[in-house]
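*Asks:*
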Amino acid sequence: MEERDLICIVCPRGCHLHVDKDLNVTGNFCPRGAVYGKQEVTNPTRVVTSTVRIDNAELPLCPVKTKDPIPKGKIFEIMSSINKVEIKAPVHIGDVIIKDVAGTGVDVIACRNMEKI
Amino acid sequence: MHDVIIIGAGAVGSFIARSLSAYKLHTLVIEKETDVGDVTSMANSAIAHSGYDPVPGTNKAKFNVLGNKMMPEVCKDLDVEFEMNGTLTLALYEEQLPTLKDLAERAKLNGVEAHILSKEEVLEREPNITKDVKGALFCPTGGIVNPFTLTSHAMENALDNGVELHLMEAVLNVEDKGDHFIVKTDKAEYEAKVVINAAGLSSDKFAKMMDDITWHITPRKGQYYVLNHFDKDLPGKKFVNSVVFPLPSEKGKGILVSRTTSGNYIVGPSSEPVDDISDVSTDSMTLANVKAQATAMVPGIPFGEQIRVYAGNRSTPSNHDFIIEPSKNHPHFINVAGIESPGLVSSPAIGEYVANELVCPILKPEKNPNFKKTIRPYIRPLNLSLEERNALIKKNPDFGEMVCNCERVSLGEIEDALNRSLPCMTIKALKKRTRAGFGKCQGGFCQPNVIRLLSKHYGVTPMEILYDKADSEIVLSEATKGAK
Amino acid sequence: MEYRDLVIIGGGSAGMAAAIGAYNEGIKDILILEKGEFLGGILNQCIHNGFGLTEFKEELTGPEFASRFIEQIKEKGIEFKLHSFVTDISKDKVITYTSKEDGVVMVQAKAIVMAAGCYERNAGAIGIPGDRPAGVLTAGQAQLFLNEYGYMTGKKVFILGSGDIGLIMARRLTLEGAKVLGVAEICAWSNGLNRNMVQCLEDYGIPLYLSHTVSKVIGKGRLEKIVLSKVDDKMQPIPGTEKEFEVDTLILSIGLLPNNDLLNHLGIPTSRSRGSLVNDKLETCVPGIFSCGNVLHVHDLVDNVVEEAREAGKNAAIYLKGEEKKATSEIEVIAGDGIGYVVPGKVAIDESLENITFKFRVRKPSKNVYIQYEQNGNVIKKVLKTAIIPSEMEIQKLPRKQLADESSPITIKMVAKEM
Chain A
7 MEERDLICIV CPRGCHLHVD KDLNVTGNFC PRGAVYGKQE VTNPTRVVTS TVRIDNAELP
67 LCPVKTKDPI PKGKIFEIMS SINKVEIKAP VHIGDVIIKD VAGTGVDVIA CRNMEKI
Chain B
165 MHDVIIIGAG AVGSFIARSL SAYKLHTLVI EKETDVGDVT SMANSAIAHS GYDPVPGTNK
225 AKFNVLGNKM MPEVCKDLDV EFEMNGTLTL ALYEEQLPTL KDLAERAKLN GVEAHILSKE
285 EVLEREPNIT KDVKGALFCP TGGIVNPFTL TSHAMENALD NGVELHLMEA VLNVEDKGDH
345 FIVKTDKAEY EAKVVINAAG LSSDKFAKMM DDITWHITPR KGQYYVLNHF DKDLPGKKFV
405 NSVVFPLPSE KGKGILVSRT TSGNYIVGPS SEPVDDISDV STDSMTLANV KAQATAMVPG
465 IPFGEQIRVY AGNRSTPSNH DFIIEPSKNH PHFINVAGIE SPGLVSSPAI GEYVANELVC
525 PILKPEKNPN FKKTIRPYIR PLNLSLEERN ALIKKNPDFG EMVCNCERVS LGEIEDALNR
585 SLPCMTIKAL KKRTRAGFGK CQGGFCQPNV IRLLSKHYGV TPMEILYDKA DSEIVLSEAT
645 KGAK
Chain C
35 MEYRDLVIIG GGSAGMAAAI GAYNEGIKDI LILEKGEFLG GILNQCIHNG FGLTEFKEEL
95 TGPEFASRFI EQIKEKGIEF KLHSFVTDIS KDKVITYTSK EDGVVMVQAK AIVMAAGCYE
155 RNAGAIGIPG DRPAGVLTAG QAQLFLNEYG YMTGKKVFIL GSGDIGLIMA RRLTLEGAKV
215 LGVAEICAWS NGLNRNMVQC LEDYGIPLYL SHTVSKVIGK GRLEKIVLSK VDDKMQPIPG
275 TEKEFEVDTL ILSIGLLPNN DLLNHLGIPT SRSRGSLVND KLETCVPGIF SCGNVLHVHD
335 LVDNVVEEAR EAGKNAAIYL KGEEKKATSE IEVIAGDGIG YVVPGKVAID ESLENITFKF
395 RVRKPSKNVY IQYEQNGNVI KKVLKTAIIP SEMEIQKLPR KQLADESSPI TIKMVAKEM
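Chains as they are written, first to last, in my numbering: chain A, 7 to 123; chain B, 165 to 648; chain C, 35 to 453.
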């Protein structure tokens, strides 16, 4: 594995990480930075956030996210699944909107409580 | 057959329409833009000049002075904000003092009240003016006026009295058929006994369809800064009380510093000829020059309060005077052209003159027995007492809900503007009627809501709502969401 | 006239946290006035994640973060009014608000917490040269259209300014099918968080043009193209460096400004943050009027907003209970060389004071510098920073016992470390 310099995206602090060829991470402020550093050079992942169409709510859209980070390469495939979905109010934070999206084993969940009108 | 067709719904076209609506005439106004007063009448200095400065005996002098005298009543009848706060023309150098005297003489010849003030008197009135000032000419009858509602309320009044208005329709050609004209537009053909050319920057184009004219219009651009109403609600003196000008020059009245009727400040205009009448772009170098010249008169202008820059084109005629006369070869075709500054303040007087002195002798119309010179007043909750506001909100709760945070425009005011005889189809039109979106956030907060209200009112999608001109949609498509 | 112990202006993250801060100190007669349709303010349109790492030790989206606070407000039974717009505050703390349901109401408050948030610097404020077509809009506006109403403001987009909302919108618009051609930043450094550079631009191959600006906007109706120019060290476009981009949308992410008109109109002095000048209790010069969150100074992180706002709420409670200690002296705080602004602008020395918390931003990114605290030209504290950037607010504490005296002004400055 190549040595790499990365900026940690785990939190807004944005630590400058160095990952050596044996996957040792330095420059991290917290342990999550080490995990991120390793992950980013082996299998980079991201949380996808977007919206889905919702009926019978005060607003036409409900914000959603992947419950866990998903492989970076799957982002657009997941977006296309998200954009096909239509749900009905009421919906609550954490409700599963799409189960196992794009075969990632990760669910897409609702991020806002939206009552029926 | 129309009795009169007016080409152009700027301030001039709108006031001619209003004056004609006092007669039993079938009048049609054709305007190419999406709203009335959307070109020169919108982007100017918003000043009701006193009339001290035009050369005595010219049309400019005559209509300016007449228009200025009409202002208080017209603005009362049409519910337009107007303040007679006076104008100050400054002499910054000793050698300019004789010119002040000449200007005072000219004011006298034009029948305009004017006083020469000493340095001390100037600074007492306007403590923020440069201490280098040597004296000034004070004209108490000059003032500031809301240029947006002056035009739109005049047209609304005309429409209430029976005039017809076609927006977004461009006149392509006018042909004299002997006893009538054929007016051809991009949408239809109309017949009219009298045609009035109030086409502003394009007026020479239409005049040429009738005569070999010896004059032409040069669009002359003026660029401005707009500052927030930083002192509006503060107690004590305003940053600048009267309109502050330098001495006038060949290029015009020069760069002014003026409070507006909404409590904002405008600084400008520059003055540069342009080729394209639709070129209202701004550039940093010209604006920097505007800033420098204004700062020489009023050093502490808080440019950090800038909320917008804009530019407008004046219809400068090659003969340097308003052209208000019938065509040489076709006397029922009336040119009202070259109405540059002081056009705004002159427009009510021009309207009266064109209707009464030029159109009436041709058509000899009867008075319109139903003519009403006033419009239904606009309700501005913030100008009412607490009790009045609560009574209003009880009757119509929408006056209690705020749409525009910065300018504090209620939903009720927006609905009122949308439900008048004068169409209000664009975001800009609504902004000019109500001030929603004119504030420091420039529509950042209220524009989505304004688009929603416009699309609901007109039964169209938000993608069809324009900011102002054709192709000026704000949202372009729906995000692909859901099954459809 | 209605009477309340505490009125909070704004029901976003700051307003809700301030209410909770006061409630926890025993104040129950609280009213939150929110102009919008929902509690939560701008968080509702910030559907991206990254909120709550300090507050909840997990990574939440904006609506999720807001919801945690909304639930607390509801659980505690703190009263709030939606669609209620405050038009005026008087020096004797009478608040006038207007709403459909209540009409115009005057409320006499014993204390006020200002938490009205901020607004976006826009095209008008910077006067971008050229035409003024549709399609030039702020990042927050594009965000609202897309995330709450479901409308795309354009398909070919350029972004001016590297503020975080602009970066977030670069990714968001890309995910929804737009092509983002680039981000221009007039400074030689980026003004967004590092993580957003990575996950919003780098991930999608969107170029960042540092030391560049949009020197001209072209388009009669809708935006047709923009001209990008490199700028010199005075931030002026350099002739000959122009590059044209055909785009239908220019999104501006050029800064946020405190939305502080109500307190400005009271004549309360402002600080360089453009919010009101406050002391270490977050209290303005009018006793009982407090300010917090983005209306006081613009924060990068909502976690910092809620912490500050809870403090303001707590201090308002202390004021209401009459437990405010009498200040024996007052120290002025000056943002010195290299510092953009400091909050607080004053320190009220009283018997309760132990540590003074300073929040500030440096003017430009710097490495190996000291943040130096001085009184009468003498250094009373210095903090070494190996790296410091303007886009990340710095929070530092100064123990009272380190003060040289309790009356001379404190100047905070940035000085280079001698190598």
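No residue lacks a Cβ here, since even glycine has one placed at the ideal position from N, Cα and C. Treat the numbers as computed from the prediction; the structure is a model and nothing was measured.
So is residue 232 of chain C in contact with chain A if we call contact Cβ pairs under 9 Å?
*Replies:* yes
*Asks:* Looking only at its chain, what residues have a beta carbon closer than 6 Å to the beta carbon of residue 570 of chain B, apart from the 5 residues adjacent to it on each side?
*Replies:* 603, 604 and 605
*Asks:* Would you list the residues sitting across from residue 300 of chain B in a DSSP beta bridge?
*Replies:* Residue 300 of chain B is bridged by DSSP to B:254 and B:281.
*Asks:* Of all the residues that make up the segment 194 to 213 of chain B, which are near chain A by a beta-carbon distance shorter than 9 Å?
*Replies:* none
*Asks:* Mind listing the chain A neighbours of residue 644 of chain B? Cutoff is C-beta to C-beta under 8 Å, in chain order.
*Replies:* 89
*Asks:* Which residues does DSSP list as the beta-bridge partners of residue 445 of chain B?
*Replies:* BP columns for residue 445 of chain B are empty, so no partner.
*Asks:* Does residue 397 of chain C get closer than 9 Å to chain B when you measure Cβ to Cβ?
*Replies:* no
*Asks:* List, in order along the chain, the chain B residues whose C-beta lies closer than 7 Å to that of residue 133 of chain C?
*Replies:* 564 and 565
*Asks:* Provide the residue span of the beta strand (DSSP E) that contains residue 166 of chain B, from first to last.
*Replies:* 166 to 171
*Asks:* Take every Cβ of the segment 572 to 587 of chain B, pair it with every Cβ of the segment 357 to 367 of chain B, and state whether three or more of those distances are shorter than 8 Å.
*Replies:* As far as the Cβ criterion goes, the segment 572 to 587 of chain B does not touch the segment 357 to 367 of chain B, which means the pair count is below three.
*Asks:* Would you report the Cα separation of residue 85 of chain A and residue 35 of chain A, rounded to the nearest angstrom?
*Replies:* 32 Å
*Asks:* Run down chain A in chain order and give the residues with a C-beta less than 9 Å from the C-beta of residue 229 of chain C.
*Replies:* 13, 14, 15, 16, 17, 18, 19 and 20
*Asks:* So, is the C-beta of residue 446 of chain B closer than 9 Å to a C-beta in chain C?
*Replies:* yes
*Asks:* In the structure shown, what three-state DSSP assignment does residue 82 of chain A receive?
*Replies:* helix
*Asks:* In chain order, what residues of the same chain have a beta carbon less than 7 Å from the beta carbon of residue 349 of chain C, not counting five sequence neighbours either side?
*Replies:* 315, 316, 317 and 324
*Asks:* Buried or exposed: residue 363 of chain C, going by 16 or more other Cβ atoms within 10 Å of its Cβ?
*Replies:* exposed
*Asks:* Could you tell me whether the segment 203 to 211 of chain C touches the segment 170 to 177 of chain C, where touching means 3 or more Cβ pairs closer than 8 Å?
*Replies:* Yes, they touch.
*Asks:* Between which two residues does the alpha helix (DSSP H) carrying residue 229 of chain B extend?
*Replies:* 223 to 241
*Asks:* Give me the Cβ distance between residue 181 of chain B and residue 319 of chain B, rounded to the nearest whole Å; I'm assuming they're in contact under 8 Å.
*Replies:* 6 Å
*Asks:* Cβ of residue 198 of chain C less than 9 Å from any chain B Cβ?
*Replies:* no
*Asks:* So what does DSSP say about residue 417 of chain B, is it helix, strand or coil?
*Replies:* coil
*Asks:* Here's a check: name, in chain order, each residue in its chain whose Cβ is nearer than 7 Å to the Cβ of residue 566 of chain B, leaving out the five neighbours to either side.
*Replies:* 572 and 574
*Asks:* To the nearest angstrom, how far is the alpha carbon of residue 328 of chain B from that of residue 596 of chain B?
*Replies:* 21 Å
*Asks:* For a quick check, are the C-beta atoms of residue 242 of chain C and residue 217 of chain C less than 9 Å apart?
*Replies:* yes
*Asks:* In the segment 73 to 97 of chain A, which residues sit with their C-beta less than 8 Å from some C-beta in chain B, listed in chain order?
*Replies:* 89, 90, 91 and 92
*Asks:* Is the segment 279 to 294 of chain C touching the segment 325 to 344 of chain C, taking contact as three or more C-beta pairs under 8 Å?
*Replies:* yes
*Asks:* Give me the chain C residues within the contact set of residue 558 of chain B, using Cβ-Cβ distance strictly less than 7 Å, ordered along the chain.
*Replies:* 137
*Asks:* Check residue 358 of chain B in the structure and name its three-state DSSP category.
*Replies:* Residue 358 of chain B: strand per DSSP, three-state reduction.
*Asks:* If you follow the beta strand (DSSP E) that residue 559 of chain B is part of, which residue opens it and which one closes it?
*Replies:* From DSSP, residue 559 of chain B is part of no beta strand (DSSP E) but of the alpha helix (DSSP H) over 550 to 559.
*Asks:* Whole beta strand (DSSP E) runs in the segment 70 to 98 of chain C with 3 or more residues, listed along the chain?
*Replies:* 83 to 85
*Asks:* Confirm, please, whether the CB-CB distance from residue 285 of chain C to residue 164 of chain C is below 9 Å.
*Replies:* no
*Asks:* Would you list the residues sitting across from residue 61 of chain A in a DSSP beta bridge?
*Replies:* A:94
*Asks:* Could one say the Cβ of residue 609 of chain B lies closer than 9 Å to chain C's Cβ atoms, at least one of them?
*Replies:* yes
*Asks:* Please confirm if the segment 462 to 476 of chain B is in contact with the segment 485 to 502 of chain B, defined as three or more CB-CB distances below 8 Å between the two stretches.
*Replies:* no
*Asks:* Going along chain A, which residues have a C-beta under 9 Å from residue 109 of chain C?
*Replies:* Result: empty, since nearest Cβ-Cβ is about 14 Å, beyond 9 Å.
*Asks:* Please tell me whether residue 271 of chain B and residue 301 of chain B are closer than 9 Å, where the distance is taken between their beta carbons.
*Replies:* Going by C-beta atoms, residue 271 of chain B is nearer than 9 Å to residue 301 of chain B.
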